[in-house]
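Chains as they are written, first to last, in this note's numbering: chain P, 148 to 663; chain V, 76 to 687.
As C-alpha cells, this is what we get:
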C-alpha cells in the first residue's frame, strides 16, 4: 500500500459521488414522480457497480494498474484503492446494487427519502474503502452510519427503537475509541490530521524512536473490533440487523461492517503494535469466542432473521483469525483468506437477508414454528435460499469456501486442539443453517402458511428479486471458480504485512528473550 | 481426442448439463431426463475409451490462485486405480440414469432430480480424478451437497427433510477431521499433492495423527463406525439415488480415497480400520435381518460390505478393497435397482412383509435380483466371491483370527438376510393388494438391471477378461490370480458352510409364517435387539440434552451478562456522567436520545478535527 499511481480519477469519483448526488436530489425533491425517482435511484445504485466491477477485473488494466490508484478529490479528500480495499470496494458496489433493487421494489412511506438515505449509505461505504487517509476514512464512515440509524429508527421492524439506540451508542463509542487511539499515535509520531494518510502514519510509527503504549493500540483495536462485532462487543449487531429494513441490513452487515475489519488491517495491524504480546492473545481469545460462542448462540435461535443476524456475527470469527494469524505469526495466507472471506461473506450474507425478507413478505413471519413446507409454494425462492445457505456454510464453488479453508490452513502452525475448536464452525454452521432451511422450506406445509395462502395467495420470487439474488450469488460463484480474481489484488499487500509482522516478532524476541 | 481433453470433458460435461437443466429445463422434465442421461452415456463412453487406449499415469496440474504460500491446486492424476474407478462409476451411473427415466416417470420434479444427478456426477468424478488433497476435499464437499439435495427430493415428507440434514451434518463431522488432516500435511510436508506426498513417504513414515485425521473423512463418507448412522436414513431419497450414491459410488469413494492415500496411514490406523471394519460388517449384516423396509435392509447390507472394504484396507490390501468396491458396485446397484423395480411394480410399497410371489409377476426383475443376491452371498465364481473371499482369506493368512471370525459371521449374516429377502419378496403368496397387482417394469428400467445384474454380477468374476478391459484389470490382476483356485482354503469352507446353512435355512425359516417376520414371532427380543438404533438414540440424546441446552444456556448468559448487565450498566453510567439533560431525554423519548448521541458524536469528531 506504499505507492499510489495517478489514474482514472473520474471513474472513482463518479462511483462514490453518483449515489450521494442522486440521494441529495431525492431528499430535496420529495414530490418527484415515482417513475422518475425510481429510474434515477436505479442509476445511483447501478453506476457504482458497473465502475467498481470494471476497476476490479483484469480487463481495466489496459489503462495501467488499477490496484494502486490515488486521486486528489473534491474538498481535499484524497481517494485511492489499494490491494486490500479494491476487492472490498467492488463487493460494496455489488451488494449496493442488490440492496438498491430490493429497496426499489419495497412499498414504504416517504419513498424518496428512504431511497435517498440508502444511497447516502452506499456512497459513504464506497468512500470508506476508497480513501487513503484518516479524515476521509472516518468522515465517510459517519456519513454512512448516520443514515443507517435514521433508516433503522423510522423504517425498521420490531424493536427498532431500542436497537437503533443500542447501535448508535456502540458504534459511536467504538468509532470514537478507535479514533482516540489513532490520534494519540499521531501525536506521538508528530503528524497532523491533514497530512495523516495511512502510508504516512505507517512510516512515522515505524521509526525506531517511537514506542506506543499497549493501551493505545488496544483502544484502537477493540474500537474497530466493536464496529465489526468482535466478542464481547457484539451485542448491538444481531438486534441492529434484525430491526433494520432489509436493504439497510444488507449494506450494513455485508459491506459497512467491514470498515472495522479494514481498519484493523490497515491501521491497527499495519501501524500499531498489534501482533505481539498480550494484546495479540486477547484478540485471539475474542476471535475464537466469536466462532464458538456466537455459533452456539445461533443454535438457540427460533427466528430466521435473528439467526442470520447472529450467524453474521459468528462468521466474523474466521476473518478475525485470519487477520490475527497474519499479524502475529506472519502467515500471509491468513490475510489473503480473511479478505476473501470478507468479500464472500458480504455477498452471501446480503443474499440471505434479501431472501429471508422474501419469506417474510410472503408469509408475514420469520418464526420457525410458524413456517414450514414453503418450498411447495415457492420452489425458486427455496432453491435460491438453499444456494445462499450453502454459500454461507462454505460449500466449494462459492467464494466463502476459499476464505474459510484458507483461514483453517493458515492456522496450521497452531496447536491441534485450537485448530479443532476453530474448525468446529464447519459443523456448527451446517447444523443451524440446515435446520433453518428444513424448518422454513421442507416438511409438510405449516398451518399458518396454508391459512395465509388461502387468504392472500403469494407468488414465487419476482423478477426483481431474482435479479438481486443472481447478482449476489453470481458474484460469489465467479470468485469461487476464479479465486485469482481476488488474490491477484491481495497477494502483494498480504505478503508485505506478513513480512512486517515477522520482523516485529523477531525484534520483540531479541529485545525480550524471556517472552515468546 | 487426446486423453487430457477427454478428462476435461468427462469432468465438466456433467457440470454443463446441471447448469443447462437448472437454467432452462426445470419444467421440461422429459428433456432434462434424456439430456442428463445422454451426457452420462457420453461420459461412460469417454471413460471406456480412456480405459482401452491409455496406459500408465496421466497427470495435469494448474494452480488456480495462491493464498500466501498455499497454492490452490487443481489437477488430474489418472493411474490404474483411478481408471478402474472412473470406469465403474461412469458405467454404473449411466445405467442408473437410464433406469431413473422409467422410475421417475410420474415425478413432477424430474428436472430437479436429474440436475441433482448431474451435479453428483461432476462431484464424484472430481474425487476420482483429483491429484491433491485440497481438490479431493472440494469435490468431497460437493458430493455431500448433492447427496443432501437428492435425499431431500421428497422434501415435503418430514423424514426426508430430517434424513438429508442428518446425512450432511454427519458427513461434515467427518470432514472436520479431514480438514485438520490436510492442514497437518501442509504444515509437515509443505505439499498436498499425492505424488509429492508419496515421494516423502518413501524415505520417512507418516505419524499416526495424520492417518487418523484423514480417516475421519472416510468414516463420514463411507458411513463407518461411529459415523454410520446417516446411511440407513438416507434411503428416504428416491431409489435410483440409493443405488447410485448410497450403494455403488459415493460411499465407495471413501474406500477409493483411502486406497489412494494408503501410504499415509500408520500401522495403528490400519489396525483400527481392520478391526472396526470387520465388526461393522458382522453387526450391520445381522441388523439387516430386523428391517422390513426392503431399502433399509439393503442399506445395512451396504454398511456390511463397506465394513469389509474398510477391513481390507486395514489388512494392507488396498487393491482388494478396490476390487471389492468395483464388484460390490455392480451387484449392489443391481439389488437397489431391482428393489426400485419391485417398489415401482408394487405401487410404491416398500414393506417386504407385504410383498411375496413376485417371481411370476416380475420375472426379469426376479431373475436379475436373484443373480445379484447370489453374487452378494459370494457363491463361488460369482463376482462377489472373488473379492470377498480373498479378503476373508487375507485375514486368515495374516493370523488375524478375531477379524477372520467377524468376517465369517458377516458372511453368514449376508446369506441369512439374502435368503430372507428372496423368500419374502419373490416366493410364497402375495401378502397385499399392491403385490397382487404388481407388473413388470418398462424397458428403461429392465435394461439396466439386465446389463448390471446378469452381465456384471454373474460374469464379472470368471469372465473378467471379457468384461473388464485389460488396463483396468492391472490393479486387480494380482489378487485375482492368487485367488483363482483356492477351493481348500479356510475361507472357502466358511463361505460354503454359510451358504448352505444360511441361505437355504433362511429360505425355509422365513416361509413359516406368511405375512410376518418369523424371527420376530420366535424371538421378539432378538429382533428388537437387532433393530439397532442405539447410536441414533445416543446422538439424539446428546443433541437434545447437551448441545441444545448448552446453546440456550450460552445465549441466556450472553443476554444476561454481556448484553444486560455490562452494557446497560456501562451505558447507564455513561449517561449519568453526561448529565441530567441527556438522561431526561433518555427517558422521554428514545428518538431524541439517539439524536443527542449522534450530535455528541459528531461534535466530538469536529472537535478532534479542529483541535489538531
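Every residue, glycine too, gets a C-beta built ideally from N, C-alpha and C.
* For the putative contact between residue 246 of chain V and residue 219 of chain V, defined by C-beta atoms under 8 Å, what is the C-beta separation to the nearest angstrom? -> 4 Å
* Along chain P, which residues have their Cβ under 7 Å away from the Cβ of residue 216 of chain V? -> For residue 216 of chain V, the C-beta contacts it makes with chain P under 7 Å involve 542, 543, in order along the chain.
* From this set, P:322, P:339, P:453, which residue's C-alpha is nearest residue 408 of chain P's C-alpha? -> P:322
* Excluding the five sequence neighbours on either side, which residues of its own chain have a C-beta within less than 8 Å of the C-beta of residue 81 of chain V, listed in chain order? -> 121, 124, 125
* To which residues of the same chain is residue 462 of chain V closer than 7 Å at the C-beta, ignoring the five residues directly before and after it? -> 395, 398, 399, 402
* **Span separating the alpha-carbon of residue 259 of chain P from that of residue 265 of chain P** => 10 Å
* Is the shortest distance between the beta-carbon of residue 559 of chain P and the beta-carbons of chain V less than 8 Å? -> yes
* **Below-8 Å beta-carbon distance, residue 144 of chain V vs any chain P residue** => yes
* **Neighbouring residues, chain V, relative to residue 399 of chain P (Cβ below 7 Å)** => Per Cβ cutoff of 7 Å: no residues; residue 399 of chain P is ~16 Å from chain V at best.
* Taking residue 213 of chain V as the query, report the chain P residues whose CB atoms sit under 7 Å from its CB, ordered along the chain. => 543
* Expressed to the nearest angstrom, what Euclidean distance is found between the alpha-carbon atoms of residue 329 of chain P and residue 284 of chain P? -> 12 Å
* Hey, out of P:540, P:301, P:186, whose CA is closest to residue 247 of chain P's CA? -> P:186
* Could you check which residue in V:433, V:440, V:191 has the C-alpha nearest to that of residue 530 of chain P? => When only C-alpha atoms are compared, the closest one is V:191.
* To do: Give me the Cα-Cα distance between residue 126 of chain P and residue 257 of chain P, rounded to the nearest whole angstrom.
  => Outside the shown range of chain P (148 to 663) lies residue 126 of chain P, about which nothing can therefore be said.
* **Listed by chain order, chain P residues near residue 293 of chain V by CB distance under 9 Å** => Listed along chain P, no residue sits closer than 9 Å to residue 293 of chain V by beta-carbon distance, the nearest being about 17 Å off.
* From residue 457 of chain V to residue 473 of chain P, what distance separates their C-alpha atoms? -> Approximately 59 Å between the Cα atoms of the pair.
* With contact counted as at least three CB pairs below 8 Å, one residue from each stretch, are the stretch 157-169 of chain V and the stretch 90-110 of chain V in contact? -> no
* Can you name the start and end residues of the alpha helix (DSSP H) that residue 437 of chain P belongs to? -> Residue 437 of chain P: member of the alpha helix (DSSP H) spanning 424-446, first to last residue.
* Sequence-distant residues of the same chain with beta carbon closer than 6 Å to residue 541 of chain P, five excluded per side -> 547, 548, 551
* Asked: Taking residue 312 of chain V as the reference, which of V:204, V:356, V:411, V:601 has the closest Cα?
  -> V:411
* Asked: Can you list, in chain order, the residues of the stretch 247-259 of chain V whose Cβ is nearer than 9 Å to any Cβ on chain P?
  -> Among the residues of the stretch 247-259 of chain V, those with a Cβ less than 9 Å away from any Cβ of chain P are 247, 248, 250, 251, 252, 254, 255, 257, 258, 259, in the order of the chain.
* Asked: According to DSSP, is residue 308 of chain V helix, strand or coil?
  -> helix
* Any idea if residue 76 of chain V is buried or exposed, counting beta-carbon neighbours within 10 angstroms, 16 or more meaning buried? -> exposed
* Within chain P, partners of residue 199 of chain V - CB distance below 9 Å -> The premise fails here: residue 199 of chain V is roughly 14 Å from chain P at the closest Cβ pair, so nothing lies under 9 Å.
* To do: Compare the C-beta of residue 240 of chain V with all C-beta atoms of chain P and state if any pair is closer than 8 Å.
  => yes
* **Beta-carbon neighbours of residue 243 of chain V, restricted to chain P and to distances below 8 Å** => 577, 581
* **Sheet register partners of residue 135 of chain V (DSSP bridge)** => Beta-bridge pairing links residue 135 of chain V to V:151.
* **Chain-ordered residues of the stretch 417-430 of chain V with a beta carbon less than 7 Å from chain P** => none
* Asked: Can you find a CB in chain P that lies within less than 8 Å of the CB of residue 91 of chain V?
  -> no
* To do: Tell whether a beta-carbon distance below 8 Å holds between residue 223 of chain V and residue 520 of chain V.
  => no
* Would you report the Cα separation of residue 603 of chain V and residue 377 of chain V, rounded to the nearest angstrom? -> 21 Å
* **Counted within 10 angstroms of its Cβ, other Cβ atoms place residue 385 of chain V as buried (16 or more) or exposed** => buried
* Tell me where the beta strand (DSSP E) around residue 227 of chain P begins and ends. => 225-228
* Asked: Would the stretch 594-612 of chain P and the stretch 98-116 of chain V be scored as touching if the rule is three or more Cβ pairs under 8 Å?
  -> No: the two stretches stay apart, fewer than three of their Cβ pairs being nearer than 8 Å.
* To do: Whole angstroms is fine: what's the gap from residue 563 of chain P's alpha carbon to residue 210 of chain V's?
  => 22 Å
* **residue 229 of chain P burial status per 10 Å Cβ neighbour count (16 or more: buried)** => With a 10 Å radius around the Cβ and a threshold of 16 neighbouring Cβ atoms, residue 229 of chain P comes out buried.
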